[in-house]
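Novice: Dropping the structure in here first, questions after.
Protein chains: 2
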Amino acid sequence: MVPSPSPVPGPAPAPVLPGHRAVLAADAPMRLDGGGSLGPFTLAYQTYGQLNAAKSNAVLVCHALTGDQYVAETHPVTGKPGWWELMVGPGRPIDTDRYFVICANVIGGCMGSAGPKEVDPATGRPWGLGFPVITVADMVRAQALLLDHLGIDQLFAVIGGSMGGMQVLQWAAAYPERVFAALPIATAARHSAQNIAFHEVGRQAIMADPDWRGGDYMANGTKPTRGLAVARMAAHITYLSEPALHRKFGRNLQDRQRISFGFDADFQVESYLRHQGITFVERFDANSYLYITRAMDYFDLAAEHGGVLADAFRVPGAGGGRRGTPVRFCVVSFSSDWLFPTPESRAIVHALNAVAANVSFVEVQSDKGHDAFLLDEPEFYQVIRGFLDGCAAHRGLPRKVG
Amino acid sequence: MVPSPSPVPGPAPAPVLPGHRAVLAADAPMRLDGGGSLGPFTLAYQTYGQLNAAKSNAVLVCHALTGDQYVAETHPVTGKPGWWELMVGPGRPIDTDRYFVICANVIGGCMGSAGPKEVDPATGRPWGLGFPVITVADMVRAQALLLDHLGIDQLFAVIGGSMGGMQVLQWAAAYPERVFAALPIATAARHSAQNIAFHEVGRQAIMADPDWRGGDYMANGTKPTRGLAVARMAAHITYLSEPALHRKFGRNLQDRQRISFGFDADFQVESYLRHQGITFVERFDANSYLYITRAMDYFDLAAEHGGVLADAFRVPGAGGGRRGTPVRFCVVSFSSDWLFPTPESRAIVHALNAVAANVSFVEVQSDKGHDAFLLDEPEFYQVIRGFLDGCAAHRGLPRKVG
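Order-wise, the sequence lines are chains A and B. Under our numbering, the first sequence has 336 at position 336, and the numbering climbs by one with no breaks. Under our numbering, the second sequence has 778 at position 376, and the numbering climbs by one with no breaks.
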C-alpha cells in the first residue's frame, strides 16, 4: 500500500452526469452484508416511460458489471447508444409506452451512485478502498430503498443479464412479495471457480499498476489505466465465444498484407481487444472494478439458504409452513455462453421446479457467447416480449399507460 | 520505448544452467522466416538414454510455451521434477532404455538457447527486443541443425504437446524424410483467434509494467515481474477446464472460515493463481514470453501451403508428382481441452486422411483441460506406449539399446 502524501491534492471535480439522484437511508443507515452500514448514500438512476396511477407497471432493469443506468439513451460519457436500446423503448419488448422502467447504477459503481470514486461524507475525500466491500444483496437492498423512495410497493418485473441476473435472483429471494415477475438472463446462482479466477486476474492487473497507488490514486492524481485496460481485455475474451471470434476476426490481419514480425497488433483480434481496453478506461473506475467483481465472486444464493438453492425460493405459507415463491420466472441462457453456461441456468430452473414455481426456461441458440444478451438476437427478444405480455395480461396492465 | 541510458550497467551474470550447449550455424547463418538470419547461435539441450550405433533410435521431445529442456530430471531453477517424467524415463512410454531422447530449449527461450535474454555477440549486451521475431518453423530449423550437429539423419520420433505439437507438425511438413513417426498432442495446425486474444492479453500485461522498460529491463536492472505474473495467471486459467477448477477448488475458502469482505485471496482458486504467477516469474523471462507467444500466434501450417492443410503433408512422388507423407502419425486430443479443442486435432487428421497418410487418432476422455498432457492420464500414456512400440517394431529397434 502506497501511503497517501499529506497534504493531498484535491480530486479533480467529477463530471456532472445527467439524471436522477436519490439520497437514501437518510434516517437510518442501510446494513451491509460485511457487517458495516452505509448511509445516507446516493443512488443515481434513470427512468423511462410513465408510472401508472396504481404504481403497478414498474420494471426494474439491473445492469451488469460494467453497465450503468443509461439503458435506453445516449451515454453521457461515450456518446454511444444506451446498452439495451434493443430491449427498452417504445414498442420494444420492455415497452416504455406500457411500463415504467427504472435502472439504478449499483452501489460500488462509478456513475453517480455511492462507490469508491465518490466522496466519503465523513472525510470529504474519495472513499477509495475505504468504501465498504459490498455484495449483490447489498446492491439489491439499496434498490429496494429506491423503490420505497419512489413509493413503489411491488415491481411488475425485474430483469437483468449476467450480474444483473444475479440481482434478479436476489430480488426474488429477498423480496418475493415485491416482485411479480423475474427474468434472470445469462446468469448463475453462484459464481464459479473459473469465473472467480478470471476476476482475480483482472484485479491483479489493476493492483499491479503502480498508478493504482494502493487504491489511493485519486488523491495522487494518477489513474491505473494500463492495469484496468488489461483487466478489460482479459474479461472481454470471456464475453465472446470462440466461434464468434473466429467468424468476426479469424486470423485476419489489421491494415496490413502480411505479418510484421513484431509486437504491434498484426491481427484484427489484437487491435479489437486493445481498443476495448483503451475505451473502457475512459468510462470506468478501477476501484469500482475491484468492488463489483468482488460482489459477483461472493454471490452464492444457495449458501445463503443452508446450501439448498430451492430454499431461496420458498416463502412463508399457511399454518407456519413454507411454500413455493409466487414470483413468475423466465430464465434465459445462450447456447455458446461459456462464462455463464446453460447448466447454470438449468440449476436455477431445477430449484424453481423443486418448489413448484411458475417458470419458463429458454436456451437461445446463438454463437455470440455471453454478450449475446446485449446483441441482436431476435429469438431472445421474442421470448422476453412474449413472457412480459403474458404477465401483463395477468396483472391487468393496459397496452398503454393511461 | 524507454531509451537505455548510457553508459549502461552490465547485465547481472546469468546463472550457469547444467546441460549441453551446441553452437550452430557457425559456417553460415540460419535464415529466419522474418527475413533476417541468426548465427552462430547456441542451442541448450538435454539428452536421456543412449544413441544406438545406427543412430536410428532418437526421439526429439518438443517443449511447450513455458517448458524447457529439463524433461526428465530435477529442474535446476525450481528444484521440481522434470516436466514429463511420467512420459520419459526407463520403462516409461518413451523408454530411455530403448530410445535416445533429445530436448532442446527453443530459440527465443530463456534456458540457455539464443533468445532475448542472451547476449547478442554483435553488441555484447542482451538482445532484448533486438532479438529477431521468430516462428515455430525457425525453432524447428534450429533443431534440425542440432540433429546435423549430432550426426542424426532421421528421428525415430518427434513428440510434443501444445506448442510442442506445433513443432511436431512443422517437423513432419518441412522434413518428412527426417521423421519416422510424429506425435502431435493437444495442438492445432494454426492458432485460433481466441488463442491469439489470450496471448495478446499476456503481452499487454507485460508491456504495461513500467519495469518492462520498453523491453530493455535487463540493462536497467529491473524486471517486469508483476506484468509477467498477471500474464501467467490469465494463461493458466486457459490450461485448466472449468470442471477441473470446480473439482479442485470450487468456491472453497483459503485458510479461513468465511469471506473477508476484502481483496485478499479469500478463495483457494485465487491463492492458487497468485502462486502460479509468483513462482513463474522466478524461472521465466518476460521478453521470452513475448517472443514465444508471438511464434505460436504466427503458426498457420495451411497458410504456408496455399491454404490447404493436406498439402503440408504431401511429398515429391514418382514421376514428378506428389504423394502422401511417409511419416506415421499419432494425433491425441483431450476431451476437456478448450484451448486446443478436439476439432483442431480432427482437422489435422482429416488433412492426413486426405493424403492417405498412416494416422492414429485418440481423443482421451479427461476433465483436466489442456494441461492433461502433462498430468497423470493412464489412457494417454498407454496410447503413446502402444503407438511407439508398434513403430519400434516396424523400425526394428530392440527393447534395449545394445
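Ideal Cβ positions, reconstructed from N, Cα and C, are used throughout, including at glycine. Bear in mind the structure is a predicted one, so any value in this text is a computation, not a measurement.
What is the rounded straight-line gap between the Cα of residue 68 of chain A and the Cα of residue 491 of chain B?
Specialist: Cα-Cα distance, rounded: 58 Å.
Novice: Return yes when the Cβ of residue 295 of chain A is within less than 7 Å of the Cβ of residue 206 of chain A, no when it is not.
Specialist: No. Outside cutoff.
Novice: Short of 6 Å in beta carbon distance, which residues of its chain neighbour residue 451 of chain B, apart from the five on each side in sequence? Order them along the chain.
Specialist: Excluding sequence neighbours, residue 451 of chain B sits near 498, 501, 502 and 503.
Novice: Can you tell me which of the three DSSP states residue 325 of chain A falls into?
Specialist: The answer is coil: DSSP assigns residue 325 of chain A none of H, G, I, E or B.
Novice: Determine the chain A residues that contact residue 632 of chain B at a beta-carbon separation under 7 Å, and present them in chain order.
Specialist: Chain A residues near residue 632 of chain B: 201, 204, 205, 208 and 230.
Novice: Report yes if the CB atom of residue 183 of chain A is closer than 7 Å to the CB atom of residue 159 of chain A, and no otherwise.
Specialist: Yes, the Cβ-Cβ distance between residue 183 of chain A and residue 159 of chain A is below 7 Å.
Novice: I need the boundaries of the beta strand (DSSP E) containing residue 185 of chain A, first residue and last residue.
Specialist: Note, residue 185 of chain A: beta strand (DSSP E), 179-185.
Novice: With a CB to CB cut of under 6 Å and the five nearest residues on each side skipped, what residues in its chain are close to residue 365 of chain A?
Specialist: 335, listed in sequence order.
Novice: Below 8 Å on the Cβ atoms is my contact criterion, and I expect residue 33 of chain A with residue 120 of chain A to pass it. Report the Cβ-Cβ distance as a whole number of Å.
Specialist: Actually they do not touch by this definition, with Cβ atoms about 19 Å apart.
Novice: Going by C-alpha to C-alpha distance, which of B:424, B:648, B:733 and B:716 sits closest to residue 725 of chain B?
Specialist: Here the closest residue by C-alpha is B:716.
Novice: I need the DSSP call for residue 410 of chain B, collapsed to helix, strand or coil.
Specialist: The pLDDT assigned to residue 410 of chain B is 41, lower than 50, so where the model puts this residue is not dependable; a value taken from the coordinates is nonetheless given after this. If DSSP states are grouped into helix, strand and coil, residue 410 of chain B belongs with coil.
Novice: Leaving out five residues on either side along the sequence, give the residues of the same chain with a beta carbon under 7 Å from the beta carbon of residue 611 of chain B.
Specialist: So the list reads 626, 628 and 629, once near-sequence residues are dropped.
Novice: With the cut-off set at 7 Å, would you say residue 750 of chain B and residue 729 of chain B are in Cβ contact?
Specialist: Taking 7 Å as the Cβ cut-off, residue 750 of chain B and residue 729 of chain B do not qualify as a contacting pair.
Novice: Can you tell me whether DSSP reads residue 793 of chain B as helix, strand or coil?
Specialist: Three-state DSSP puts residue 793 of chain B in a helix.
Novice: Listed from N- to C-terminal order along the chain, which residues in the stretch 32-52 of chain A have their beta-carbon within a distance smaller than 9 Å of any beta-carbon of chain B?
Specialist: Cβ contacts with chain B come from 32, 33, 34, 35 and 36.
Novice: If contact is defined by three or more beta carbon pairs under 8 Å, each pair taking one atom from either stretch, is the stretch 273-287 of chain A in contact with the stretch 72-89 of chain A?
Specialist: Enough Cβ pairs lie closer than 8 Å, so yes.
Novice: So who's on the other strand from residue 732 of chain B, going by DSSP bridges?
Specialist: Partner(s): B:762.
Novice: Alpha carbon to alpha carbon, how far is residue 374 of chain A from residue 72 of chain A? Give it in angstroms, no decimals.
Specialist: Looking at the two C-alpha atoms, the distance is approximately 12 Å.
Novice: Could you tell me whether the Cβ atoms of residue 772 of chain B and residue 631 of chain B are closer together than 7 Å?
Specialist: No, the pair does not count as a contact, with Cβ atoms beyond the cut-off.
Novice: My parser needs the alpha helix (DSSP H) runs of 4 or more residues fully inside the stretch 483-531 of chain B; what are they?
Specialist: If we require 4 residues or more, the stretch 483-531 of chain B turns out to have no alpha helix (DSSP H) run fully inside it.
Novice: Would you identify the three-state DSSP class for residue 642 of chain B, choosing helix, strand or coil?
Specialist: In the structure shown, residue 642 of chain B sits in coil (DSSP, three-state: anything other than H, G, I, E or B).
Novice: Say whether chain A places a C-beta atom closer than 7 Å to the C-beta of residue 596 of chain B.
Specialist: Yes, its Cβ sits closer than 7 Å to a Cβ of chain A.
Novice: Taking all protein chains shown into account, decide if residue 795 of chain B is buried (16 or more other Cβ within 10 angstroms of its Cβ) or exposed.
Specialist: Residue 795 of chain B is exposed by the Cβ-count criterion.
Novice: What's the gap between the Cα of residue 386 of chain A and the Cα of residue 638 of chain B?
Specialist: Roughly 43 Å separates the two Cα atoms.
Novice: How would you label residue 241 of chain A, buried or exposed, when you count the other beta carbons within 10 angstroms and need 16 or more for buried?
Specialist: Burial call: buried.
Novice: Short check: CB of residue 268 of chain A to CB of residue 249 of chain A, under 7 Å?
Specialist: Yes.
Novice: Kindly indicate which three-state DSSP category residue 550 of chain B falls into: helix, strand or coil?
Specialist: In this structure, residue 550 of chain B counts as helix in the three-state DSSP scheme.
Novice: For the beta strand (DSSP E) that contains residue 399 of chain A, what are its first and last residues?
Specialist: That residue, residue 399 of chain A, is in no beta strand (DSSP E); it is neither H nor E in DSSP.
Novice: In chain B, what lies closer than 7 Å to residue 308 of chain A by C-beta?
Specialist: Those within 7 Å of residue 308 of chain A in chain B number zero; the least Cβ separation is about 15 Å.
Novice: Can you tell me the Cα-Cα spacing of residue 376 of chain A and residue 247 of chain A, whole angstroms?
Specialist: C-alpha separation (whole angstroms): 16 Å.
Novice: Around the Cβ of residue 12 of chain A, are there at least 16 other Cβ atoms within 10 angstroms (buried) or fewer (exposed)?
Specialist: Because residue 12 of chain A sits at a pLDDT of 49, beneath the cut-off of 50, its placement in the model cannot be relied upon, and the point is left open.
Novice: Just how far apart, CA to CA, sit residue 558 of chain B and residue 426 of chain B?
Specialist: Between residue 558 of chain B and residue 426 of chain B, the C-alpha separation is close to 22 Å.
Novice: Within 7 Å (strictly less), CB to CB, does residue 789 of chain B reach chain A?
Specialist: No, no contact with chain A.
Novice: Could you name the residues of chain B that residue 289 of chain A contacts, counting a contact when the two beta carbons are closer than 9 Å?
Specialist: Simply none; closest approach about 11 Å.
Novice: Would you report the Cα separation of residue 721 of chain B and residue 463 of chain B, rounded to the nearest angstrom?
Specialist: When rounded, the distance between both Cα atoms is 35 Å.
Novice: Note down, in chain order, all residues in the stretch 230-258 of chain A with a beta-carbon under 7 Å from any beta-carbon belonging to chain B.
Specialist: Residues 230, 233, 234, 237, 242, 245, 246, 249, 250 and 251.
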